[in-house]
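In the working numbering, the protein residues as written are 27 to 281.
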């Protein structure tokens, strides 16, 4: 059985985050072709919401939770992110990839903004059948808040451990984590506090690059390293080559 690989597509990679659910179909097609050309086994794809979900989540203030009688934002936001997911799946299937969309609203449960459960047995079966699950940032029900937003980055850190993923890669619109305009080759828990990392400049209720690093530091602490790289380096990641980006690890020797 091939090692399992998790590829995260940033929302800014597949949409114009400054627009109103403007999907970058050309970019999606290029990504799908790269996946088809590499033919990696055991692939799981997670994608962010970009401009298809973040504006809705902000409008309905889902980061503050939901109360009875004010739950419209759940359906509106889920509809937006599901539409993007359908386009990602369609692009992959056009290239002959057995992709299928998975909605966290149906499979996950959170408490105070953090996932506490996510049904994954069906994901294991899909991978055994050489299918590619495509999961996305979504609104999920929350024990404390009623509902909350679970980002693609949080899904990465949660599912990587649950699915015994060996390699994690985050494709973004920048060449890696930037500090003063320069790519930081390695980030560890000891060095992360010294970096000048900003949040997204667009509507993003999930924390932008800083949110990614927070999730990945936790993932590294559990023994799973991750790489952050430019979307154009997806073929390198899928084929196990150097991506020229940022590695998030607990290995201090790599600093």
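For glycine and all other residues, C-beta sits at the position ideal for the given N, C-alpha and C. Since this is a predicted model, take the numbers as computed values, not measurements.
Practice prompt. Could you tell me if residue 273 is buried or exposed, where buried requires 16 or more neighbouring beta carbons within 10 angstroms of its beta carbon?
Written response: buried
Worksheet item: Where residue 271 and residue 236 are concerned, what is the direct C-alpha to C-alpha distance, given to the nearest angstrom?
Response: 16 Å
Worksheet item: Hey, would you say the C-beta of residue 100 is under 7 Å away from at least one heavy atom of the ligand ATP?
Response: For the ligand ATP, the structure offers nothing, since it holds no ligand at all.
Worksheet item: Is the region 199–212 in contact with the region 118–134, if contact means three or more CB pairs nearer than 8 Å?
Response: no
Worksheet item: Would residue 142 be called buried (16 or more neighbouring beta carbons within 10 Å of its own) or exposed?
Response: exposed
Item to complete: Thinking residue 88 and residue 212 are a contact (beta carbons under 8 Å), I'd like their distance in whole angstroms, please.
Response: Not quite, the Cβ-Cβ distance comes to about 35 Å (not below 8 Å), so this is no contact.
Item to complete: Report the rounded CA-to-CA distance for residue 83 versus residue 64, giving the unit in angstroms.
Response: 35 Å
Practice prompt. Reducing DSSP to helix, strand and coil, say where residue 123 ends up.
Written response: coil
Practice prompt. Under the assumption that residue 152 contacts residue 126 (Cβ atoms under 8 Å), give the Cβ distance between them as a whole number of angstroms.
Written response: 7 Å
Worksheet item: residue 58 by DSSP, collapsed to three states: which one?
Response: helix
Worksheet item: At what residues does the beta strand (DSSP E) containing residue 31 begin and finish?
Response: 31–35
Discussion item. Can you tell me whether residue 66 is helix, strand or coil according to DSSP?
Written reply: coil
Practice prompt. Please state whether DSSP places residue 175 in a helix, a strand or coil.
Written response: strand
Worksheet entry | Closest residue to residue 70 among 110, 253, 147 and 191 (Cα-Cα distance) | 191
Fill in: residue 214 in three-state terms, based on DSSP
coil
Discussion item. When you compare the region 54–62 with the region 99–111, are there three or more beta-carbon pairs, one atom per stretch, that lie closer than 8 Å?
Written reply: no
Worksheet item: Between which two residues does the beta strand (DSSP E) containing residue 253 stretch?
Response: 252–256
Fill in: Straight-line Cα distance separating residue 40 from residue 259
15 Å
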